[in-house]
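Engineer: Structure incoming, see below.
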Amino acid sequence: MRGKSIDELKVGEAAEFSKTVSESDIYLYAGITGDFNPAHINEAYAQKTFFKERIAHGMLTAGFISAVLANQLPGPGTIYLKQELKFLAPVHIGDTVTARVEVSEIITEKKQVRLKTTCTNQEGIQILDGEAVISPPKPPKK
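Going by my numbering, the sequence shown opens with residue 28, and the numbers climb by one from there.
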């Protein structure tokens with residue numbers, strides 16, 4: 028299986044991935060990354076923050092963008108080069124996050140693609156905004 032090459036991509040093309048964030052996701056992410064910020068894993072601590080409850084790691088949410096790029100658009104073989112992110116709202120346990128990527132520019136001479144990246148929750152609230160630059164998979168050999 029391979030993803031789309033630069034010649035197969037079109038400006039405006041988009042793809043999405045959705046996932047409901049569970050308590051297990053947060054603990055697993057903390058264990059894998061070593062990010063044990065109590066805002067994510069300690070309910071008593073989190074209740075004293077302005078969020079009033081535990082929230083998911085911002086980079087856990089951003090990882091859903093990587094899932095779209097790696098699995099759908101452009102897909103397998105994609106190399107991530109750059110990601111700019113702005114975190115706009117928290118993700119709570121039980122929220123369903125939809126990550127969306129949309130091709131905004133094809134930079135043929137550099138063999139790179141720029142994509143608008145966003146994440147929204149189940150209420151349509153934008154929780155993350157950004158831009159990615161990737162190197163798409165090479166076309167198949169003829």
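Think of the CB as a built atom: it goes at the ideal place given N, C-alpha and C, for glycine as much as any other residue.
1. Is it a yes or a no for the stretch 147-154 touching the stretch 90-102, going by three-plus beta-carbon pairs under 8 Å?
2. Three-state secondary structure (DSSP) at G157?
3. Can you tell me whether A126 is buried or exposed, with buried defined as 16 or more other CB within 10 angstroms of its CB?
4. In angstroms with no decimal places, state the Cα-to-Cα distance between E129 and T47.
5. What's the call for P65, buried or exposed, on a 16-neighbour Cβ count within 10 Å?
6. So, under 8 Å CB-CB, R81 and I53 are touching, yes? Tell me the CB distance rounded to an integer number of Å.
Structural biologist: Taking the geometry as given:
1. No: the two stretches stay apart, fewer than three of their Cβ pairs being nearer than 8 Å.
2. Taking the first residue of the sequence shown as 1, we reach residue 157 at position 130. Judged by DSSP in its simplified three-state form, G157 adopts strand.
3. Reading the sequence shown from its first residue, position 99 is the one you call residue 126. A126 is classed as buried because its beta carbon has at least 16 other beta carbons within 10 Å across all chains shown.
4. By one-based count along the sequence shown, residue 129 stands at place 102. By one-based count along the sequence shown, residue 47 stands at place 20. About 21 Å.
5. What you label residue 65 is simply residue 38 of the sequence shown in a count that begins at 1. That one is exposed.
6. Here the question's residue 81 lines up with position 54 in the sequence shown. Here the question's residue 53 lines up with position 26 in the sequence shown. Yes, R81 and I53 are in contact; Cβ-Cβ is about 7 Å, under 8 Å.
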